[in-house]
Every structure is written in C-alpha cells, then in structure tokens.
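See below for the structure under consideration.
In the numbering used here, the protein residues as written are 622 to 907.
This is how it looks when you write it as structure tokens:
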C-alpha cells in the first residue's frame, strides 16, 4: 500500500477523529508503515482493510475525474497545516494553483438582503480580477453570489460539507461544475457523503485556513458564517466586515465583530485588497 492509499484508508477509518489518525501515524512514522503491521480484527482499521474500501474509493475518484491529494503532496495547501486537525486527504475536482495561496473567504447568510447579494458578487468579482482567489462554501445566498462574481473575472474555490459526488445544495450543481472548470471543488469527506449539520462547522475551518483573510458580508451571531470567522481570527487571519444590514436578524454577527474589534470595517473592495495583499494597492477598482 502506497502512502496516499494508506492516508486515505486512515481517513476512512477515522472520519470524525483526524487527531487520532494523526497520532497513530506519528507513532508509526508513516501511514504506510502502520498498515504494514498486523491489523487485529478488533481494530477500527480492520474493516477498511478487509473490504478494500480505500481501493474502491480511489477507483471511484479516478472515474469521476477527482484527484486525491495527500497531506504530504506538493500541491496540498500548506496553510491547512495551521489547523490542529488538517485532513489527511483532500478530494479535489478542478485544479489548485500556486497563487491560490492569495485567497479571501467571502461568507455570509443563506438568506441575505438584496444589498448583501450585490455586495458579495461585487467583492467576488473584484477580488478574482485582482488575482485573489475567492473561497466560499457553495451555500445559497452570500456564498453563491461570491462564487458567481469571481467566475466572471478569475478563480474561485468551493469547500463542501458533503462528498464531491453529493453536491449540496442541488440547486448549485451547475455552479459547482463551472467552479471545477475555473477553480476547484474541495472536500475532506468520502465521495458519496450526504450533507449533515455537524459536517458544516468542520468545513468552515478549512475555508478559514485556506484564506489570507475572511470577509463577513451579512451574518447572524449564531451562524455557520460566524463559526468560520471564529476560525479566521483564531488562526490570526485578517478579518473584515461591512456596515451592518438594516435587517435586524442579519446584523448581529457584523455588530459583534465590530464591537469586539474582531474585524476591520471596510467600505469597498479596493480598501480591503490594499490591506489583504499590500501589493494590490495599485490596482484600480471600478
């Protein structure tokens, strides 16, 4: 078993416990070395070995045009190693490029105001045109608008809370296909994993880690968007937000960030880009 196969097998054996998988790998020196040992029937690794689930998953990914990127691969995003529990393997449909390290997460509510939608699309458009990759979560609302804006001028990456063969929401399947052609779809979940509520907070940590900074367009205080912002400031990323929307339910996240000095208030994309990537200051934004 090669190292990538061994890493995938570990991820399948410990889908919700990457820290346990990481500890075992460190104990044995490599995932490959661990699988070369005798696996006892009582081990959580045993069913994976017996069924050949890792081989089936690799074959299915290859047939679907999905690349598996191991955590030691040269194109594995190094920023993910900032996390205490980075994925052992990333599923990728599309392509990751070196300049994707210059990325901004644009996030927000699934039920935004019309102004919020327009703002997300405008920021996405401007960032991508300025060679800053836009990262979001493919959700309805702000995420969708940010991806759509970015696709008009450059690259965008969608990080899913489901498997890449189970696009969610289904209304965004066409958008997901466009993203795979002009950026990438990423997930840490097995191909056919359906969306479940507890998977999205885990997805949000990847969105934050992959980015230089994060922009909250509109979001409630107790929301997935704020979970992503929490990860962003925990990882010492640059955090931005906009003037709160007049819609009461949507402003609590923005207000919290501003009142607690967790994010910088920005008026437009040009101002934000000058702070995120200083060499972008000369770019004219219209």
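Quick reminder that beta carbons are idealized off the backbone N, C-alpha and C, glycines included.
For clarity, every value in this text was computed on a predicted model and none was experimentally measured.
Item	Value
I'd like the list of long-range same chain contacts for residue 667, defined as Cβ closer than 8 angstroms, with 5 residues on each side in sequence excluded.	660, 661
For residue 840, which of 748, 864, 745, 817 has the nearest alpha-carbon?	864
Helix, strand or coil: how does DSSP classify residue 748 here?	helix
Between which two residues does the alpha helix (DSSP H) holding residue 821 run?	820 to 830
Considering just the uninterrupted stretch of the beta strand (DSSP E) at residue 845, what are its terminal residues?	Run containing residue 845: none in the beta strand (DSSP E); it sits in the alpha helix (DSSP H), 845 to 855.
Who are the near neighbours of residue 900 in its chain, counting only those whose CB is closer than 8 angstroms to its CB and skipping five residues on each side?	Unreliable placement is indicated for residue 900, whose pLDDT of 47 sits below 50; the coordinate value is still reported in the next sentence. Hits under 8 angstroms: none found.
Given this structure, state the Cα-to-Cα distance separating residue 697 from residue 737, to the nearest angstrom.	33 angstroms
Relative to the C-alpha of residue 707, which candidate in 881, 856, 842, 883 has its C-alpha closest?	856
Can you check the segment 683 to 756 for any alpha helix (DSSP H) of at least 4 residues that lies completely inside it and give the ranges in chain order?	735 to 750
Can you name, in chain order, every residue of its own chain whose Cβ lies under 8 angstroms from the Cβ of residue 742, other than the five neighbours on each side?	766, 767, 769, 770
Please report the distance separating the alpha-carbon of residue 813 from that of residue 709.	18 angstroms
In angstroms with no decimal places, state the Cα-to-Cα distance between residue 907 and residue 886.	In this prediction, residue 907 scores a pLDDT of 37, lower than 50, which makes its location untrustworthy; the coordinate-derived value is nonetheless stated afterwards. Distance between the alpha carbons of residue 907 and residue 886: 20 angstroms.
Touching or not, the segment 711 to 726 and the segment 641 to 658, by the rule of three or more beta carbon pairs under 8 angstroms?	no
Taking 8 angstroms as the cut-off, decide whether the C-beta atoms of residue 922 and residue 860 are in contact.	What is shown of the chain runs 622 to 907, which leaves residue 922 out entirely.
According to the neighbour-count rule (16 or more other Cβ atoms, all chains shown, within 10 Å of its Cβ), is residue 794 buried or exposed?	exposed
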